[in-house]
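>
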Amino acid sequence: MSTNPPESAAIAETRLLHKMHRAATPLLADAAQRDTAPPDGPAELRDYQAWTEFSRAVIASAPPMGAHLHIGFFEQVGTPAELEAVAANLPHAVLPLVPAMREQARTTLSNLRTTHDARTVTA
1 MSTNPPESAA IAETRLLHKM HRAATPLLAD AAQRDTAPPD GPAELRDYQA WTEFSRAVIA
61 SAPPMGAHLH IGFFEQVGTP AELEAVAANL PHAVLPLVPA MREQARTTLS NLRTTHDART
121 VTA
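In this note's numbering, the protein residues as written are 1 to 123.
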């Protein structure tokens with residue numbers, strides 16, 4: 001019998017999405033560099049599930065709670081141009097809030113790191 005509490009849906013879905021990206025990214029990068037890859041393969045993977053429309057629908061329907069963390073994590077792992085491309089799909093009313101969201105994310109993530117570092121320090 002496990003003593004661990006059940007995992008939240010947010011954690012499970014985030015982990016699954018991360019695993020999917022880890023599988024798709026090297027596949028796309030490898031196929032794009034191989035002359036022997038079928039020409040439609042990389043394009044199909046690149047254009048996966050009508051991404052632009054899907055992205056806009058997801059962003060429009062996402063609850064606002066924790067939205068700053070998306071911006072913060074994107075900022076950490078992406079380039080400024082990539083963050084700008086992602087932010088372009090935000091509703092126009094939200095765009096002026098992005099700088100404040102970035103700052104809120106920096107604070108939240110810094111606090112999480114401080115908590116993590118304090119728990120992992122050994123004597």
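Beta carbons: idealized from backbone N, C-alpha and C, even for Gly.
For the alpha helix (DSSP H) containing THR14, name the first residue and the last one.
The count along the sequence shown starts at 1 and reaches residue 14 at position 14. Counting along the chain, the alpha helix (DSSP H) containing THR14 begins and ends at 9-33.
> Identify, in the order they occur along the chain, each residue of the same chain with its Cβ nearer than 8 Å to the Cβ of THR108, setting aside the five sequence neighbours on each side.
Within the sequence shown, the letter at position 108 stands for residue 108. For THR108, where only same-chain residues beyond five positions count, the Cβ hits under 8 Å are HIS68, LEU69 and GLY72.
> Buried or exposed for GLU44, please, with buried defined as at least 16 other CB atoms from any protein chain shown within 10 angstroms of its CB.
As a working note, residue 44 is residue 44 in the sequence shown. Classification of GLU44: exposed, given that the 10 Å Cβ count is below 16.
> Assess contact between the stretch 53-60 and the stretch 73-81, defined as three or more Cβ pairs (one per stretch) separated by less than 8 Å. Is contact present?
These segments do not touch.
> Could you tell me the distance, in whole angstroms, from the CA atom of GLU82 to the CA atom of GLN104?
Numbered from 1 along the sequence shown, position 82 holds the residue referred to as residue 82. Numbered from 1 along the sequence shown, position 104 holds the residue referred to as residue 104. Distance between the alpha carbons of GLU82 and GLN104: 19 Å.
> To the nearest angstrom, how far is it from the Cα of ALA9 to the Cα of LEU17?
Working through the sequence shown from its first residue, we reach residue 9 at position 9. Working through the sequence shown from its first residue, we reach residue 17 at position 17. Cα to Cα, the separation comes out at about 12 Å.
> For MET101, count neighbouring Cβ atoms within 10 angstroms of its own Cβ and tell me buried if that reaches 16, exposed if not.
Position 101 of the sequence shown holds residue 101. The residue in question, MET101, is buried, as its Cβ has 16 or more Cβ neighbours within 10 Å.
> Suppose you measure from the CA of VAL98 to the CA of ALA87; what does that come to, to the nearest Å?
Taking the first residue of the sequence shown as 1, we reach residue 98 at position 98. Taking the first residue of the sequence shown as 1, we reach residue 87 at position 87. Roughly 8 Å separates the two Cα atoms.
> How would you write the range of the alpha helix (DSSP H) that HIS70 sits in, first residue to last?
What you label residue 70 is simply residue 70 of the sequence shown in a count that begins at 1. HIS70 -> alpha helix (DSSP H) spans 67-77.
> Do ALA37 and ALA31 have their C-beta atoms within less than 8 Å of each other?
Indexing the sequence shown from 1 puts residue 37 at position 37. Indexing the sequence shown from 1 puts residue 31 at position 31. Cβ distance < 8 Å, so ALA37 and ALA31 count as in contact.
> From ALA12, ASN89, PRO26 and PRO96, pick the residue whose C-alpha is nearest to that of SER55; which is it?
Numbered from 1 along the sequence shown, position 55 holds the residue referred to as residue 55. Measuring from the Cα of SER55, the nearest candidate turns out to be ASN89.
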